[in-house]
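Participant:
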Amino acid sequence: MTAASRDPRQALRTALAPRSIAVIGASDNPHKIGGRPIAYLQRFGWKGKLYPINPARAEVQGLRTWADLAALPEVPEAAIVAVPGDAAVEAVAQLAAAGTALTVLMSSGFGEVDAAGKARERAMVASARAHGMRIVGPNSQGLANFGSGAVLSFSTMFTEVAAQDGPVGIISQSGAMSVIPYGLLRGRGIGVRHAHATGNDCDVTVCELATVVAEDPGLKLLMLYLEGIPDPWHLAEAAAVARERGLPIVALKSGRTPAGQEAALSHTGALASEDRVVDAFLAEHGIWRVQNMVELVDAAELYLQGWKPRGRRLVAISNSGAVCVLTADAATVAQMPLQPLADDTQAELRRILPGFATTTNPVDITAALLTNSRLFSDILPPIGRDPAADAFLVGVAVAGAGYDVPSFAADTAKFAESTGKPVVVAAPQASVAAAFKQHGLPVYPTEAEAVRALGQFLSHADLMAATQARRPPLPPRPRAPAQGTLLDEAASLALLAAAGVPVARHRLCRNADEARAAWAELGRGEVVVKGVSAAVTHKSELGLVVVGPDSADAVVAACERIVAAATAAGVALGGLLVAERVRGRRELMIGARLDPVFGPVVLVGDGGLYVEALPDTQVLLPPFDAARVELALRRLRIAPLLDGVRGEPPLDLAAFCDAAVAVGGLMADATAGIQQLDINPVIVGARGQCCAAVDAVIVKDMP
58 MTAASRDPRQ
68 ALRTALAPRS
78 IAVIGASDNP
88 HKIGGRPIAY
98 LQRFGWKGKL
108 YPINPARAEV
118 QGLRTWADLA
128 ALPEVPEAAI
138 VAVPGDAAVE
148 AVAQLAAAGT
158 ALTVLMSSGF
168 GEVDAAGKAR
178 ERAMVASARA
188 HGMRIVGPNS
198 QGLANFGSGA
208 VLSFSTMFTE
218 VAAQDGPVGI
228 ISQSGAMSVI
238 PYGLLRGRGI
248 GVRHAHATGN
258 DCDVTVCELA
268 TVVAEDPGLK
278 LLMLYLEGIP
288 DPWHLAEAAA
298 VARERGLPIV
308 ALKSGRTPAG
318 QEAALSHTGA
328 LASEDRVVDA
338 FLAEHGIWRV
348 QNMVELVDAA
358 ELYLQGWKPR
368 GRRLVAISNS
378 GAVCVLTADA
388 ATVAQMPLQP
398 LADDTQAELR
408 RILPGFATTT
418 NPVDITAALL
428 TNSRLFSDIL
438 PPIGRDPAAD
448 AFLVGVAVAG
458 AGYDVPSFAA
468 DTAKFAESTG
478 KPVVVAAPQA
488 SVAAAFKQHG
498 LPVYPTEAEA
508 VRALGQFLSH
518 ADLMAATQAR
528 RPPLPPRPRA
538 PAQGTLLDEA
548 ASLALLAAAG
558 VPVARHRLCR
568 NADEARAAWA
578 ELGRGEVVVK
588 GVSAAVTHKS
598 ELGLVVVGPD
608 SADAVVAACE
618 RIVAAATAAG
628 VALGGLLVAE
638 RVRGRRELMI
648 GARLDPVFGP
658 VVLVGDGGLY
668 VEALPDTQVL
678 LPPFDAARVE
688 LALRRLRIAP
698 LLDGVRGEPP
708 LDLAAFCDAA
718 VAVGGLMADA
728 TAGIQQLDIN
738 PVIVGARGQC
748 CAAVDAVIVK
758 DMP
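Once you know that position 606 of the sequence shown is 663 in my numbering, the rest is easy, because the numbers rise by one and skip nothing.
#1: Measuring only the C-alpha atoms, how far is residue 408 from residue 483?
#2: Can the beta-carbon of residue 805 be found closer than 7 Å to that of residue 393?
#3: Thinking just about the alpha-carbon of each residue, which of 67, 121, 64, 106 is nearest to the one in residue 85?
#4: Determine the DSSP secondary structure at residue 681, reduced to helix, strand or coil.
#5: Spell out a yes or no on whether the stretch 430–440 and the stretch 410–422 are touching, meaning 3 or more CB-CB pairs, one atom from each, closer than 8 Å.
#6: Using 7 Å as the threshold, is the C-beta distance between residue 524 and residue 343 below it?
#7: How would you write the range of the alpha helix (DSSP H) that residue 118 sits in, first residue to last?
#8: What is the DSSP secondary structure of residue 338, counted as helix, strand or coil?
#9: For residue 171, I'd like the list of residues in its chain whose CB is within less than 7 Å of its CB, leaving aside the five on either flank, ordered along the chain.
#10: Look up residue 435 in the DSSP assignment and say whether it is helix, strand or coil.
#11: In three-state terms, what does DSSP make of residue 746?
#12: From the DSSP secondary-structure annotation, give me the bridge partner or partners of residue 449.
#13: With a threshold of 7 Å on Cβ separation, who are the neighbours of residue 148 within its own chain once the five nearest residues in sequence on each side are excluded?
#14: What's the call for residue 327, buried or exposed, on a 16-neighbour Cβ count within 10 Å?
#15: Got a sec, what are the start and stop residues for the alpha helix (DSSP H) residue 360 sits in?
#16: Tell me whether residue 413 is buried or exposed, calling it buried when 16 or more other Cβ atoms sit within 10 Å of its Cβ.
#17: Count the CB pairs spanning the stretch 573–585 and the stretch 618–636 that are closer than 8 Å, and state whether there are at least three.
#18: State buried or exposed for residue 671, treating a residue as buried only when at least 16 other CB atoms are found within 10 Å of its CB.
#19: For residue 559, which residues from the same chain have a beta carbon less than 8 Å from its beta carbon, with the 5 sequence-adjacent residues on both sides left out?
#20: Would you please state the rounded distance, in angstroms, between the beta carbons of residue 308 and residue 253? I believe it to be under 8 Å.
#21: Buried or exposed for residue 323, please, with buried defined as at least 16 other CB atoms from any protein chain shown within 10 angstroms of its CB.
#22: Closer than 6 Å by C-beta to residue 641: which residues in its own chain qualify, once you throw out the five before and the five after it? Chain order, please.
#23: Drop a sphere of 10 angstroms on the beta-carbon of residue 104, count the other beta-carbons inside from all chains shown, and report buried for 16 or more, exposed for fewer.
#24: Pick out whichever of 440, 511, 478, 457 has its Cα sitting closest to the Cα of residue 491.
#25: Hey, how far is the Cα of residue 387 from the Cα of residue 596?
#26: Quick one: what does DSSP say residue 406 is sitting in, helix, strand or coil?
#27: Please report the straight-line C-alpha distance between residue 668 and residue 689, rounded to a whole angstrom.
#28: When you compare only the Cα positions, how much space is there between residue 589 and residue 744?
#29: Whose CA, out of 648, 68, 620, 644, lies closest to the CA of residue 709?
#30: List the whole-angstrom C-beta distance separating residue 424 from residue 432, where the pair is believed to meet the contact cut-off of C-beta under 8 Å.
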């Protein structure tokens, strides 16, 4: 096989356990960028051949050096480039021509700086790809696989915090964010196998590297730090690989705010998409998005236990009434109901606990724990058998002298093992927490932190199960942007009707006589008359809409008013639209656009005049079905109104959901060429009365 015909993904696998590595810019100083990887490769047990390249020295860190790449006895499978500027570009070209599979480019001063740097990156990638070589970087801190000892990284963190192979992988665009979670996890005693930083992502991205790291059978949790998602198809592929083996992926995506997006642009040159689209994409593929570093690492212990949760009902047990109350509050926020224990369970608990204890849920075992160390071992089995128990929180508010803490911890661990259900512990005292940690139980200082982590774990399990059942397809590569043209309302409504979206009955008229005839054809009732023009999207503000004419003469008068208003505004009309006046129970909306990163995006939500001032919408990514649309509608602030309140009938959600599905299909059809679409309002009637689009704006590719 020639280098140019090499499987591009295989090069990434090679980089995680290469048999030979060249270091261009090798340094004798283990604290320099060109020296740190050499020290790490020797320290962490890598077994391959290491070739330091430095023409100015005969030896670095006890190893023979080589004058240049041509002097090596073999072509290295992987290489590290730690020289600046043009020397880095030249080194990359030489490595590619020699047949190296992958290069980690640690040098800075490229796409993270300016457009010229981006152009240099593109040129390097084109040259490397022509020879089948892949590039990680530039501006990369490096790759670290502690399972194979292939630590091609210069991070100081691995000097400061002892490494230990383990079941967690971390991949980040940022060097710092690849090792901060590493340090936090190691502080909790959790081993980390992968800690990779891809830098500018000029070729190999976080997302593509994740497709290979997710294959590692030793991983139980994969963490991602993302400043941008330029290749969502690779991230979806990584999620599919992870889904096949039940590997959870948790992502911290920065740039939620405009200020954060601007910072991301200056840091890595990352593309910033609307944050809600990112949310929808990650959820679509079963990836849990956290808000901050604390949430990224806090639930890690739970993912590593091997639990297969089957519900969200929480049972809380504590020796403090206050902890019980605070747990109930936290569980309510986390949508983890504390249902009362069964009567039989409570009767059994009353035979064990003192009369002043609480046996419903939460279970307050009171200070009696001080005088009876068997309370834990006695009450846990009946609680574990209760049908309302899906997960447990054990809160030890105060313990120590006089308490048999080792027994409490052992009993809780035995209980967790016997039930196979999630158990978290809240213990603010370090000595008490240590006793529970010795048994491998997840321990948090407070009940709020414990419930938050447990809630994330359970919610993610639900998300993964739903995604597994749905098996979302890989998203298409975004199509190249084309010049767009705005359709007038008549053409927009016709296109929607052909796609299966119900639209208000209407007629396109050229003169007053046609308008009179249209009014008669539509039933001689109230109508809406509009000026038709592809030059304006908001017609009401210009006086181009008249609502309510109910006679032939009134329709003609409305046409005359609209023509006069259009003339005054300098708007050329392509005709007059006479449409039935649709009445219903609620105005909703359907919007859609072609996102430059994620492709087709559909928006559903509350509609009408104030949709921009008071937005209440949800994002969907095609393809989706009616059930997904209804689930999105149930997350709206107006959701309680959908089923009717104060005697009102429920809305015809089925009809609206079918219309949204039709729009999703239209957006996913590349041949339709739809760039943007806005249907507002969609008038929705009571259940069984259908719905109708009464206004539409569509931008599509120019012919």
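All C-beta atoms, glycine included, are put in the ideal place defined by N, C-alpha and C.
Facilitator: For this structure:
#1: 26 Å
#2: This structure cannot speak to residue 805, because the chain is shown only from 58 to 760.
#3: 121
#4: coil
#5: yes
#6: yes
#7: Run containing residue 118: none; DSSP gives neither H nor E here.
#8: helix
#9: none
#10: helix
#11: coil
#12: 372, 480
#13: 81, 138, 140
#14: Confidence in residue 327 is poor, its pLDDT being 38 and thus under 50, which makes the residue's placement unreliable; the coordinate value appears in the next sentence. Buried is the call here.
#15: 357–360
#16: exposed
#17: yes
#18: exposed
#19: 712, 716, 747, 748, 749, 750
#20: Wrong, their Cβ atoms sit about 14 Å apart, outside the cutoff.
#21: Below a pLDDT of 50, predicted positions are generally treated as unreliable, and residue 323, at 41, falls in that range; the measurement from the model is reported next regardless. Looking at its Cβ environment, which holds fewer than 16 other Cβ atoms inside 10 Å, residue 323 is exposed.
#22: 740, 741, 742
#23: exposed
#24: 457
#25: 49 Å
#26: helix
#27: 17 Å
#28: 32 Å
#29: 644
#30: About 11 Å; that fails the 8 Å criterion.
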